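S.K.: Residue numbers (our numbering), protein chains in the order written: chain H, 1191 to 1481; chain U, 1191 to 1481.
Here you go, one structure.
There are 2 protein chains.
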Amino acid sequence: MVLIDGKQTAATIKAEIAQQVADIVARGGKRPHLAAILVGHDGGSETYVANKVLACKECGFTSTLLRFEDDITEEQLLHEVDKLNNDPDVDGFIVQLPLPRHIDEQKVIEAIDYHKDVDGFHPINVGRMAIGLPCFISATPKGILELLQRYEIPTSGKKCVILGRSNIVGKPMAQLMMQKQYGDATVTVCHSRSTTLKDECRQADIIIAAIGQPEFVTADMVKKGAIIIDVGTTRVPDATRKKGFRLCGDVKFDEVAPLCSYITPVPGGVGPMTICSLMTNTLLASQKKIF
Amino acid sequence: MVLIDGKQTAATIKAEIAQQVADIVARGGKRPHLAAILVGHDGGSETYVANKVLACKECGFTSTLLRFEDDITEEQLLHEVDKLNNDPDVDGFIVQLPLPRHIDEQKVIEAIDYHKDVDGFHPINVGRMAIGLPCFISATPKGILELLQRYEIPTSGKKCVILGRSNIVGKPMAQLMMQKQYGDATVTVCHSRSTTLKDECRQADIIIAAIGQPEFVTADMVKKGAIIIDVGTTRVPDATRKKGFRLCGDVKFDEVAPLCSYITPVPGGVGPMTICSLMTNTLLASQKKIF
Chain H
1191 MVLIDGKQTA ATIKAEIAQQ VADIVARGGK RPHLAAILVG HDGGSETYVA
1241 NKVLACKECG FTSTLLRFED DITEEQLLHE VDKLNNDPDV DGFIVQLPLP
1291 RHIDEQKVIE AIDYHKDVDG FHPINVGRMA IGLPCFISAT PKGILELLQR
1341 YEIPTSGKKC VILGRSNIVG KPMAQLMMQK QYGDATVTVC HSRSTTLKDE
1391 CRQADIIIAA IGQPEFVTAD MVKKGAIIID VGTTRVPDAT RKKGFRLCGD
1441 VKFDEVAPLC SYITPVPGGV GPMTICSLMT NTLLASQKKI F
Chain U
1191 MVLIDGKQTA ATIKAEIAQQ VADIVARGGK RPHLAAILVG HDGGSETYVA
1241 NKVLACKECG FTSTLLRFED DITEEQLLHE VDKLNNDPDV DGFIVQLPLP
1291 RHIDEQKVIE AIDYHKDVDG FHPINVGRMA IGLPCFISAT PKGILELLQR
1341 YEIPTSGKKC VILGRSNIVG KPMAQLMMQK QYGDATVTVC HSRSTTLKDE
1391 CRQADIIIAA IGQPEFVTAD MVKKGAIIID VGTTRVPDAT RKKGFRLCGD
1441 VKFDEVAPLC SYITPVPGGV GPMTICSLMT NTLLASQKKI F
C-alpha cells in the first residue's frame, strides 16, 4: 500500500512554481498576481484566505487581499469585481465563498471575467471543461488529477466510482475522469439516492469519496488493490485536540488502507493540493496559457 | 414491453406548443421567432434545416433561414451571428453544423448570445446545465428526458448506463441523469476504452445507447425489464430503400425488445424528439422563461 502524500506533492509543486516565477521575473516578465475578496469574518474563510496569501508568498506571486464587512451591498461587491476585472496587473482573482445571504453568489461568480476566474466556477469555465476545451479547472478536481498523474496511477479504462454529486467536487470530477484527455475511465457517480452504491464500490478500481459522511467507506465496500481518494473533511469534535476538533475523511482509513494499492490520508491528502491548483491556475492566467 | 413512440410524442408536443402560441398571439403577445444559419449545401444539413423550418410552421413560429455559400469567411459569418444577436425580433437562432473547415466552429458557437442559444451549445449553457441552473438544454438530451417524463418512467435511484461520451449526447445526458432535479439516477458512462462495458450494461435498469455502432447492444447485455433508449442513427446501405440506406440504431432491436419494459425504436424514437426540443427552447426564449 502506497500512502499518497498530498502535503509533500503540494510542496514540490509550489517549489516548481516558485522556480518558474523566478525565471520569468529574471527574464523581465511579469510576476503573477492573485487577488482575493473576503467578505465578513467567517472562521473557515479567514483560514482559507490566509493560506492562499501564504501560498502566494511561497510561489513568489504578488497577492492582494480586499476585505469588506458583512454589510457590503451586492452592487458594491459587483463594483469591486468589476474593478479587478479591469485591473491589468491582476492576473486572476477569487471571491471567497460563502457570501452573506443578501448577496446572490451565482451573480457574483458570473460577474467575474472568466479569463481571470482561477477558481474555475464561472459557467464558461465549467462548460468548457465539460466539452474538453482549455479552461480553468476548479481546485479540488484539478488537485486530484494532479495526484493521480504524479503518482503515475493508470486510470484509462478503469472503473472509477465517485461518491457524491456536488458542483465543486463530484460532478466536475466525473466529467474529468470520463474524458479521453484526462481520466479516460469508466465513471459511475453514486449519491444519496443510489440503491446500488455498495455494489458499485466493490467493483471499483478507483473510488473518489466526496460524500461528506465521516468513515462512510468501509472495508466491505473496497476491492483488494483499489485506489482510494478521500475528499472528505468533516470536523469531528475531539477534546484531545487544541482546536477541539479533528478532520475526518469519508473513508474508514484504518480498515480500508490495508486493502488498497494507493490511498490518500485525511488530513494531508487531497486538502493541501487544492491551494496548489489555485496557484497553478494563477500562473497559467498570468502566462495567458488558457485563453 | 412498451414501445416508446417518439413520433407521436413529438406530434403531441408540437400541437401543445402551437396551442400556446395561438393563446399568446391572441393575447397580443409576440409570435416566437427562430432563425437558422445554413452554410453550404451538405445533404444532411439541408434536410435538418428544412425539417426545422417545417416544425416552426407546425408550431406557429416565425422562421428565418439565412443561407450562405461555402466560401463565406469566418469574419462575415461572425458578423451575421452578431446581427441576429442584436435583432430584437429574433428570439433564438441556430448555426447548423458542421461548418466548412476554414471556419472555427467553437468560435462561432461562443459568438452566439447565450440568451438566444436555443441549441444549448454555448459553454455558458453547458456550464449552467452542469451546475443545475436554468439554461437551454441541447436537443437530444432534452428530448430523451422528455420521453422518460411523458412515459412516467421512474429514474430516481436507478442504475443508468450511458454508452458513449460525445459532447452532444453522452456527456450532457450523464450530467442530466445524475442531477437531483432531472434523472436523480446512479449514472455510469461507458465508452470505447471501458473494459467492463458489458457487465455495466447487464446491471443497468436504464441503458442510453449513443455509441454510433449499429446493433452494438445485444440481448446478452440486457437485464430483463430494462429500459432502453437508442440514440444511434447510423446510415446502413440498403438497396431495397429508395434512398439507398436505412437508419440503424445502436441496439439489436429484434432480440433486445422482448426483454425490455420500455424501448425506443429507430427511426421514430429519439430522433423526432430533437427538433421538438428546439421548438420548446425557442418558445422558452421568446417568453424569457430561462434568462
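Each residue gets a CB set at the ideal place from its N, CA and C atoms; glycine is no exception.
Note that the structure is a prediction, hence the values are computed from the model and not measured.
Flag glycine 1415/U as yes if its beta-carbon sits less than 8 Å from any beta-carbon of chain H, otherwise no.
M.R.: In the second sequence, residue 1415/U corresponds to position 225, counting from 1. Glycine 1415/U does not count as touching chain H.
S.K.: Among Pro1448/H, Arg1431/H, Asp1428/H, Val1377/H, which one has its Cα closest to the Cα of aspartate 1410/H?
M.R.: Position 220 of the first sequence holds residue 1410/H. Measuring from the Cα of aspartate 1410/H, the nearest candidate turns out to be Pro1448/H.
S.K.: In this structure, how does DSSP classify cysteine 1350/U when only helix, strand and coil are distinguished?
M.R.: Indexing the second sequence from 1 puts residue 1350/U at position 160. DSSP places cysteine 1350/U in strand when its eight states are reduced to three.
S.K.: Provide the residue span of the alpha helix (DSSP H) that contains arginine 1318/H, from first to last.
M.R.: As a working note, residue 1318/H is residue 128 in the first sequence. Where arginine 1318/H is concerned, the enclosing alpha helix (DSSP H) stretches over 1313 to 1321.
S.K.: In the DSSP assignment, find the beta strand (DSSP E) that holds valine 1379/U and state where it starts and stops.
M.R.: Taking the first residue of the second sequence as position 1, residue 1379/U is located at position 189. Taken as a continuous stretch (DSSP letters only), the beta strand (DSSP E) holding valine 1379/U covers 1376 to 1380.
S.K.: If you check the beta carbons only, do proline 1331/H and valine 1359/H fall under 8 Å apart?
M.R.: Here the question's residue 1331/H lines up with position 141 in the first sequence. Here the question's residue 1359/H lines up with position 169 in the first sequence. It is a contact, given that the beta carbons lie within the stated cut-off.
S.K.: Identify the residues that DSSP records as bridge partners of glycine 1282/H: which are they?
M.R.: The residue you call residue 1282/H lines up with position 92 of the first sequence. Glycine 1282/H pairs with Leu1224/H.
S.K.: When DSSP builds the beta bridges, which residues end up paired with arginine 1392/U?
M.R.: Position 202 of the second sequence, counted from the start, is the residue given in the question as residue 1392/U. Bridge partners of arginine 1392/U: none, in fact.
S.K.: Does the separation of the CB atoms of leucine 1473/U and isoleucine 1284/U fall below 8 Å?
M.R.: Counting from one through the second sequence, the residue named residue 1473/U turns up at place 283. Counting from one through the second sequence, the residue named residue 1284/U turns up at place 94. Going by C-beta atoms, leucine 1473/U is not nearer than 8 Å to isoleucine 1284/U.
S.K.: According to DSSP, simplified to helix, strand and coil, what is alanine 1301/H?
M.R.: Taking the first residue of the first sequence as position 1, residue 1301/H is located at position 111. Looking at alanine 1301/H - three-state DSSP - the assignment turns out to be helix.
S.K.: Taking the alpha-carbon positions, what's the glycine 1373/U to asparagine 1357/U distance?
M.R.: For this step, residue 1373/U is matched to residue 183 along the second sequence. For this step, residue 1357/U is matched to residue 167 along the second sequence. C-alpha separation (whole angstroms): 18 Å.
S.K.: Under 7 Å, CB to CB, which of the residues in the region 1338 to 1358 of chain H have a partner in chain U?
M.R.: Per Cβ criterion, the list reads Ser1346, Gly1347, Lys1349, Arg1355, Asn1357.
S.K.: Please compile the residues from chain U whose C-beta is within a distance smaller than 9 Å of the C-beta of arginine 1217/H.
M.R.: Stepping through the first sequence from its first residue, residue 1217/H is reached at position 27. Result: empty, since nearest Cβ-Cβ is about 32 Å, beyond 9 Å.
S.K.: State the start and end residues of the unbroken beta strand (DSSP E) segment that holds isoleucine 1418/U.
M.R.: What you label residue 1418/U is simply residue 228 of the second sequence in a count that begins at 1. Looking at the DSSP string, the run of the beta strand (DSSP E) that includes isoleucine 1418/U is 1417 to 1420.
S.K.: Pull up the CB-CB distance for threonine 1454/U and leucine 1267/U, whole angstroms please, since I reckon it's below 8 Å.
M.R.: Translated into the one-based positions of the second sequence, residue 1454/U becomes position 264. Translated into the one-based positions of the second sequence, residue 1267/U becomes position 77. Not confirmed; about 35 Å, so no contact.
S.K.: Just to make sure I have the definition right: I need the residues of chain U whose C-beta is within less than 8 Å of the C-beta of methionine 1368/H. Which are they?
M.R.: What you label residue 1368/H is simply residue 178 of the first sequence in a count that begins at 1. Here the neighbours are Arg1355, Lys1361, Ala1364, Val1379, His1381.
S.K.: Quick check on DSSP: helix, strand or coil for phenylalanine 1481/H?
M.R.: Locating residue 1481/H in the first sequence gives position 291, where the first residue counts as 1. If DSSP states are grouped into helix, strand and coil, phenylalanine 1481/H belongs with coil.
S.K.: With a CB to CB cut of under 7 Å and the five nearest residues on each side skipped, what residues in its chain are close to isoleucine 1343/U?
M.R.: Residue mapping note: residue 1343/U aligns to position 153 of the second sequence, counting from 1. Within the same chain, isoleucine 1343/U has close Cβ partners Ile1417, Tyr1452.
S.K.: Isoleucine 1314/H versus chain U: which residues are under 8 Å apart at the beta carbon?
M.R.: Position 124 of the first sequence, counted from the first residue, corresponds to residue 1314/H. Per Cβ cutoff of 8 Å: Pro1313, Ile1314, Gly1317.
S.K.: Verify the CB distance criterion: does isoleucine 1262/U have a CB-CB separation below 8 Å to chain H?
M.R.: The count along the second sequence starts at 1 and reaches residue 1262/U at position 72. It does not: the Cβ of isoleucine 1262/U has no partner Cβ on chain H nearer than 8 Å.
S.K.: If the cut-off is 8 Å on Cβ atoms, which residues from the region 1284 to 1305 of chain H count as contacting chain U, listed in chain order?
M.R.: Here the close residues are Gln1296.
S.K.: Quick one: is alanine 1394/U near chain H, going by C-beta distance under 8 Å?
M.R.: As a position in the second sequence, residue 1394/U is number 204, starting the count at 1. Output row for alanine 1394/U: interface = no.
S.K.: Our contact map puts glycine 1459/U next to glycine 1196/U with C-beta atoms below 8 Å; I'd like the distance itself, whole angstroms only.
M.R.: By one-based count along the second sequence, residue 1459/U stands at place 269. By one-based count along the second sequence, residue 1196/U stands at place 6. Rounded, the Cβ-Cβ distance is 4 Å, consistent with contact.
S.K.: Would the region 1276 to 1292 of chain U and the region 1304 to 1311 of chain U be scored as touching if the rule is three or more Cβ pairs under 8 Å?
M.R.: Touching, yes.
S.K.: Alpha helix (DSSP H) containing phenylalanine 1443/U: first to last residue?
M.R.: Residue 1443/U sits at position 253 when you count from the first residue of the second sequence. 1443 to 1446 is the span of the alpha helix (DSSP H), which, as asked, contains phenylalanine 1443/U.
S.K.: Should glycine 1322/H and glutamine 1369/H be called a contact, given that it needs their Cβ atoms to be closer than 8 Å?
M.R.: As a working mapping, residue 1322/H is identified with position 132 in the first sequence. As a working mapping, residue 1369/H is identified with position 179 in the first sequence. Yes, they are a contact pair.
S.K.: Evaluate contact between the region 1371 to 1389 of chain U and the region 1424 to 1435 of chain U, counting only Cβ atoms and requiring at least three cross-stretch pairs below 8 Å.
M.R.: Flag = no, the region 1371 to 1389 of chain U and the region 1424 to 1435 of chain U do not touch.
S.K.: With distances taken from CA atoms, which of Gln1403/U, Ala1205/U, Ile1334/U is nearest glycine 1250/U?
M.R.: Residue 1250/U sits at position 60 when you count from the first residue of the second sequence. Of the candidates Gln1403/U, Ala1205/U, Ile1334/U, the one whose C-alpha sits nearest the C-alpha of glycine 1250/U is Ala1205/U.
S.K.: For a test of the three-state rule: what should DSSP assign to leucine 1473/U, helix, strand or coil?
M.R.: Residue numbering aside, residue 1473/U sits at position 283 when the second sequence is read from its first letter. Leucine 1473/U falls in the helix class under three-state DSSP.
S.K.: Just to make sure I have the definition right: I need the residues of chain U whose C-beta is within less than 8 Å of the C-beta of alanine 1399/H. Which are they?
M.R.: Here residue 1399/H refers to the residue found at position 209 when the first sequence is read from its first residue. Neighbours of alanine 1399/H on chain U: none; closest Cβ ~15 Å, over 8 Å.
S.K.: Rounded to the nearest angstrom, what separates lysine 1247/U and serine 1253/U at their Cα positions?
M.R.: Position 57 of the second sequence, counted from the first residue, corresponds to residue 1247/U. Position 63 of the second sequence, counted from the first residue, corresponds to residue 1253/U. Going from the Cα of lysine 1247/U to the Cα of serine 1253/U covers about 8 Å.
S.K.: Could you give the first and the last residue of the continuous beta strand (DSSP E) run that contains leucine 1255/U?
M.R.: For this step, residue 1255/U is matched to residue 65 along the second sequence. 1252 to 1258 is the extent of the beta strand (DSSP E) around leucine 1255/U.
S.K.: How far does the beta strand (DSSP E) with threonine 1263/U in it extend, from its first residue to its last?
M.R.: Numbered from 1 along the second sequence, position 73 holds the residue referred to as residue 1263/U. Note, threonine 1263/U: premise wrong, no beta strand (DSSP E); not H, not E.
S.K.: Output needed in chain order: residues of the region 1327 to 1338 of chain U with a Cβ under 7 Å from some Cβ in chain H.
M.R.: The region 1327 to 1338 of chain U vs chain H, Cβ under 7 Å: nothing.
S.K.: Between alanine 1475/U and chain H, is any beta-carbon pair separated by less than 8 Å?
M.R.: Within the second sequence, the letter at position 285 stands for residue 1475/U. False, the Cβ-Cβ gap to chain H never drops below 8 Å.
S.K.: Establish whether the CB of leucine 1256/U and some CB of chain H are separated by less than 8 Å.
M.R.: Residue 1256/U sits at position 66 when you count from the first residue of the second sequence. No, because no Cβ of chain H sits closer than 8 Å to the Cβ of leucine 1256/U.
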